[in-house]
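Chemist:
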Amino acid sequence: MLNGKTAVITGASRGIGKAVALKLAREGANIVINYRNSGEKANSLMTEVQALGVKAIAVQANIGVWKEAEALISRAKEEFGTVDVLVNNAGMTKDGLIMRMSEEDFDQVIEINLKGIFNCCRFAVPIMLKQRSGRIINMTSVVGLLGNAGQVNYAAAKAGIIGLTKSLAKEAGSRGVTVNAVAPGFIDTDMTAVLAEKVKETIKESIVLKKFGTPENVADAVHFLASAGGEYITGQVISVDGGMAF
Ligand code: NAP
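Set out below in structure tokens:
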């Protein structure tokens with residue numbers, strides 16, 4: 001159980017982040033729901049989480065912006081007194097073959113997916129080191145492990161997250177802070193809904209379990225790493241991909 005713990009989940013208004021917020025709330029954690037554009041969805045999730053008997057706030061912040069990430073983590077600390085779990089989930093794509101990819105599309109994907117995690121860790125880690133406990137879970141991707149044509153920006157960010165995770169695990173471990181990454185495969189969310197049916201069928205064929213994952217599948221792995229069961233796990237990348245990458 002995570003009773004009385006504070007969990008900050010970035011990009012929690014939809015998809016995987018929303019499933020993580022609900023899972024950790026059911027396990028007793030107070031939840032900070034971060035969002036960027038989907039205010040209505042974040043507020044309705046806040047009500048849903050509160051109905052589970054825990055506290056919740058929704059905080060708008062573009063985690064790619066240093067000052068906004070700082071404000072998000074400060075708000076969590078002010079409201080609940082601690083930051084015990086940080087789930088760096090927010091992410092976006094701007095796909096295209098390198099021949100057609102603009103500098104802006106590359107920079108934006110790195111800024112949100114990779115620098116956003118650095119920003120949130122930068123402000124949460126001092127709090128966790130001081131309290132001598134904390135769990136950080138970073139959302140990478142099967143694409144960060146295998147690469148993917150049309151996603152050099154996203155793959156670079158997601159592979160970068162793995163390096164960040166392992167380095168921070170080594171920095172923070174002696175003070176009781178674990179840092180791990182979760183690498184989802186193909187999960188049914190808005191992010192993957194945009195793909196053509198034909199592309200989806202080809203991907204499904206490449207999955208050992210022959211089906212797409214759910215946001216709840218990923219939330220279960222995040223919960224495990226945040227819970228007592230994850231106490232002795234750090235610096236790892238846990239794949240939740242139905243067997244896409246091994
Ligand atoms: P999604 O349905 O597109 O949701 C993305 C979430 O991230 C939204 O809540 C969005 O908030 C938030 N977000 C985006 N940019 C943000 C920013 N700058 N600041 C704060 N929040 C921001 O995506 P998803 O499929 O749930 O993916 C969640 C994570 O899992 C991502 O890191 C993604 O790369 C990773 N992942 C997904 C899959 C998959 O198959 N779906 C596979 C591997 C990895 P607003 O709507 O409020 O703007």
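The sequence shown finishes on residue 246 if you use full-length UniProt numbering, and the numbering steps up by one all the way, no holes. Quick reminder that beta carbons are idealized off the backbone N, C-alpha and C, glycines included. Since this is a predicted model, take the numbers as computed values, not measurements.
Per the contact definition of three or more C-beta pairs closer than 8 Å, is the segment 42-49 in contact with the segment 20-34?
Modeler: Yes, since at least three Cβ pairs between the segment 20-34 and the segment 42-49 fall closer than 8 Å, the two stretches touch.
Chemist: Which whole runs of the alpha helix (DSSP H) in the segment 110-151 are 4 residues long or more, in chain order?
Modeler: Listed in chain order, the complete alpha helix (DSSP H) runs (minimum 4 residues) inside the segment 110-151 are 116-131 and 142-146.
Chemist: So, are the CB atoms of ARG135 and GLY230 less than 8 Å apart?
Modeler: Yes, Cβ-Cβ distance for ARG135 and GLY230 is below 8 Å.
Chemist: For SER239, which beta-bridge partners are listed by DSSP?
Modeler: The partner list for SER239 (beta bridge, DSSP) reads ALA183.
Chemist: Measure the CB-CB distance between THR189 and ILE161 and report whether it falls below 8 Å.
Modeler: No, the pair does not count as a contact, with Cβ atoms beyond the cut-off.
Chemist: Could you please give the first and the last residue of the uninterrupted beta strand (DSSP E) stretch that includes ASN43?
Modeler: ASN43 -> not in any beta strand (DSSP E); alpha helix (DSSP H) instead, spanning 39-50.
Chemist: Count the other CB atoms within 10 Å of the CB of MET244; is the residue buried (16 or more) or exposed (fewer)?
Modeler: Classification of MET244: buried, given that the 10 Å Cβ count is 16 or more.
Chemist: Pick out whichever of ASP107, LEU24 and GLY39 has its Cα sitting closest to the Cα of residue 247.
Modeler: Here the chain covers residues 1 to 246 and nothing more, so residue 247 does not appear.
Chemist: Using the Cα positions of GLY96 and ILE110, report the straight-line distance between them to the nearest angstrom.
Modeler: About 14 Å.
Chemist: Under the three-state reduction of DSSP, which class applies to ILE57: helix, strand or coil?
Modeler: Strand at ILE57.
Chemist: Can you find the residues in the same chain that come closer than 6 Å, C-beta to C-beta, to PHE80, ignoring five residues on each side of it along the sequence?
Modeler: Here the set comprises THR6 and ASN30.
Chemist: What residue ranges within the segment 155-239 form continuous beta strand (DSSP E) runs of no fewer than 3 residues, ordered along the chain?
Modeler: If we require 3 residues or more, the beta strand (DSSP E) runs fully inside the segment 155-239 come out as 177-184.
Chemist: Count the other CB atoms, across all protein chains shown, that sit within 10 Å of the CB of ILE98; report buried if there are 16 or more and exposed otherwise.
Modeler: ILE98 should be labelled exposed.
Chemist: Just the Cα atoms here: how many angstroms apart are GLN131 and ASN3?
Modeler: Near 17 Å, if we compare the C-alpha coordinates of ASN3 and GLN131.
Chemist: Counting along the chain, where does the beta strand (DSSP E) carrying ALA19 start and finish?
Modeler: It is not in any beta strand (DSSP E) - ALA19 instead sits in the alpha helix (DSSP H) that spans 15-26.
Chemist: Could you give the DSSP three-state label for ALA90: helix, strand or coil?
Modeler: In this structure, ALA90 counts as coil in the three-state DSSP scheme.
Chemist: With VAL182 and VAL222 assumed to form a contact (beta carbons below 8 Å), what rounded beta-carbon distance in angstroms separates them?
Modeler: Contact holds; Cβ gap of about 6 Å.
Chemist: Taking C-beta to C-beta, are residue 247 and ARG14 nearer than 8 Å?
Modeler: Absent from the model: residue 247. The displayed extent of the chain is 1 to 246, so no value can be given.
Chemist: Across which residues does DSSP place ILE9 in a beta bridge pair?
Modeler: Its beta-bridge partners are ILE33 and VAL87.
Chemist: What's the C-alpha gap between GLU216 and PRO184?
Modeler: In a straight line, the C-alpha of GLU216 is about 11 Å away from that of PRO184.
Chemist: In three-state DSSP terms, what is MET99?
Modeler: Looking at MET99 - three-state DSSP - the assignment turns out to be helix.
Chemist: Using the three-state DSSP reduction, which class does PHE106 fall into: helix, strand or coil?
Modeler: Residue state, collapsed to three classes: helix.
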